[in-house]
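Residue numbers for the sequence shown follow my numbering, beginning at 1 and rising by one. Every residue gets a Cβ at the ideal spot worked out from N, C-alpha and C, and that includes glycine. Quick notes on the structure that follows.
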Amino acid sequence: MRGHAAVADDHMLQLTSAIKPLPPPPPPPPPPPPRPAATPTAPSPGVWLELRQCESDDNYADDTGNGYYGAYQFSVSTWQNLGFSGLPSNAPPAQQDQAAQELQARRGWSQWPSCAQRLGLT
């Protein structure tokens, strides 16, 4: 006759062989995708009108002799750095608008410090 220890060992053997290992846990969910960088929105046409009014009383031909010209009061060097020739005050309105928008996209509102601050753009 086998002893109690032998019977207990048989039971343990039966129990351990009947126990199946647990499946591995599922992988963690993937991290959320990174947030896209905030894309600056283009200023509204009203902002450009307000800027022109502040800079030159919305006068595209403005030439007051202070070294700044046109509706957005470009210096000649800034105008030339944007790829234009001649005086900004002699350029058509659409060209001045394009130049101002390009300058703002490159350098922000700092090109018009007083008016940008007055209009709450900085």
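With at least 16 other beta carbons inside 10 angstroms of its own, Arg52 counts as buried.
If one requires a minimum length of 4 residues, the alpha helix (DSSP H) runs lying completely within the region 42-110 are 45-56, 76-81 and 93-107, in chain order. With a cutoff of 8 Å on beta-carbon distance, Gln73 and Ser56 are scored as near each other. If you draw a 10 Å sphere on the C-beta of Ala42, you find fewer than 16 other C-beta atoms in it, and that means exposed. Per the C-alpha coordinates, the member of Thr64, Pro29, Pro113 and Val47 positioned closest to Asp97 is Val47. With respect to Ala71, Asp62 sits close: the two C-beta atoms are nearer than 8 Å. Between Tyr69 and Leu87, the C-beta spacing is below 8 Å.
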